[in-house]
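Using this note's numbering, the letters of the sequence shown correspond one by one to residues 7 to 164.
The beta-carbon is built from N, C-alpha and C at its ideal position, and this holds for glycine as well.
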Amino acid sequence: MTTPGIKFIVVGLLGMMYLLACSKPGTQFGDELTLSETTIISDILANPENFVGQRVLVKGSVLDVCAMKGCWLEIAGADESEKIKVKVDDGVIVFPMDIKGKSAIVEGNVERIELTEEQAVGWRQHEAEEKGEDFDPSTVAGPDTIYRIRGLGAFVAK
7 MTTPGIKFIV VGLLGMMYLL ACSKPGTQFG DELTLSETTI ISDILANPEN FVGQRVLVKG
67 SVLDVCAMKG CWLEIAGADE SEKIKVKVDD GVIVFPMDIK GKSAIVEGNV ERIELTEEQA
127 VGWRQHEAEE KGEDFDPSTV AGPDTIYRIR GLGAFVAK
């Protein structure tokens with residue numbers, strides 16, 4: 007068989023494998039996933055500046071979901087201490103609360119948000135309100151930098 011023929015067969019098999027993987031039971035949120043290579047969450051967390059502005063595909067377990075609008079989720083990597091927040095545009099994608107604990111694959115762009123001390127206090131207070139937790143402003147000292155994924159699409163397994 008010629009080299010072009012082998013390439014055609016390999017590409018066809020890879021396409022069929024992708025379709026089978028995408029046909030697993032679950033729910034698609036937002037845009038269809040386009041990336042095939044997964045980025046490990048701990049790699050992003052270890053060197054977030056290396057990923058700012060990059061489109062990534064991450065997978066892991068959903069630890070938490072925004073109870074107010076379903077506008078974000080936290081996804082864990084290899085263990086629950088390796089987690090990253092995925093924020094989506096309000097109302098464009100709405101994550102239901104019942105996806106907690108399920109496996110998810112998320113695609114989006116890594117972003118950096120710089121906050122002044124005042125903004126950081128407001129942000130942390132907002133997060134506490136969303137989670138129904140108490141908040142002590144004295145726990146925030148100085149400006150803060152947040153790294154998260156601006157989510158474009160996600161697939162959550164049933």
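Subject >> Beta-carbon proximity check, Leu121 vs Ile90, cutoff 8 Å >> reply: Mapped onto the sequence shown, residue 121 falls at position 115. Mapped onto the sequence shown, residue 90 falls at position 84. No, Cβ-Cβ distance for Leu121 and Ile90 is not below 8 Å.
Original post:
Looking at Val162 and Lys93, is the spacing between their C-beta atoms short of 8 Å?
Top reply: By 1-based counting over the sequence shown, the position of residue 93 is 87. By 1-based counting over the sequence shown, the position of residue 162 is 156. Cβ distance not < 8 Å, so Lys93 and Val162 don't count as in contact.
Original post:
For Leu63 versus Ile111, is the C-beta distance shorter than 8 Å?
Top reply: Counted from its first residue, the sequence shown places residue 63 at position 57. Counted from its first residue, the sequence shown places residue 111 at position 105. In this structure, Ile111 lies closer than 8 Å to Leu63 by Cβ.
Original post:
What do you get for Ile119, buried or exposed, if any count of 16 or more other CB atoms within 10 angstroms of its CB means buried?
Top reply: As a working mapping, residue 119 is identified with position 113 in the sequence shown. Exposed is the call here.
Original post:
If you run the structure through DSSP and keep just helix, strand and coil, what is Lys137?
Top reply: What you label residue 137 is simply residue 131 of the sequence shown in a count that begins at 1. Three-state result, Lys137: helix.
Subject >> Whole-angstrom C-beta distance between Ser48 and Arg88, which should lie under 8 Å >> reply: Position 82 of the sequence shown, counted from the first residue, corresponds to residue 88. Position 42 of the sequence shown, counted from the first residue, corresponds to residue 48. In the sequence under discussion, the amino acid at residue 88 is Glu, which differs from the Arg named in the question. At roughly 5 Å, the Cβ-Cβ gap stays under 8 Å, so Glu88 and Ser48 are in contact.
Subject >> alpha helix (DSSP H) segments (min. 4 residues) lying fully within the region 109-163 >> reply: As far as the region 109-163 is concerned, its whole alpha helix (DSSP H) runs of at least 4 residues are 123-137.
Original post:
Alpha carbon to alpha carbon, what distance is there between Asn115 and Val58?
Top reply: Within the sequence shown, numbered from 1, the residue matching residue 58 stands at position 52. Within the sequence shown, numbered from 1, the residue matching residue 115 stands at position 109. Rounded to the nearest angstrom, the two C-alpha atoms are 8 Å apart.
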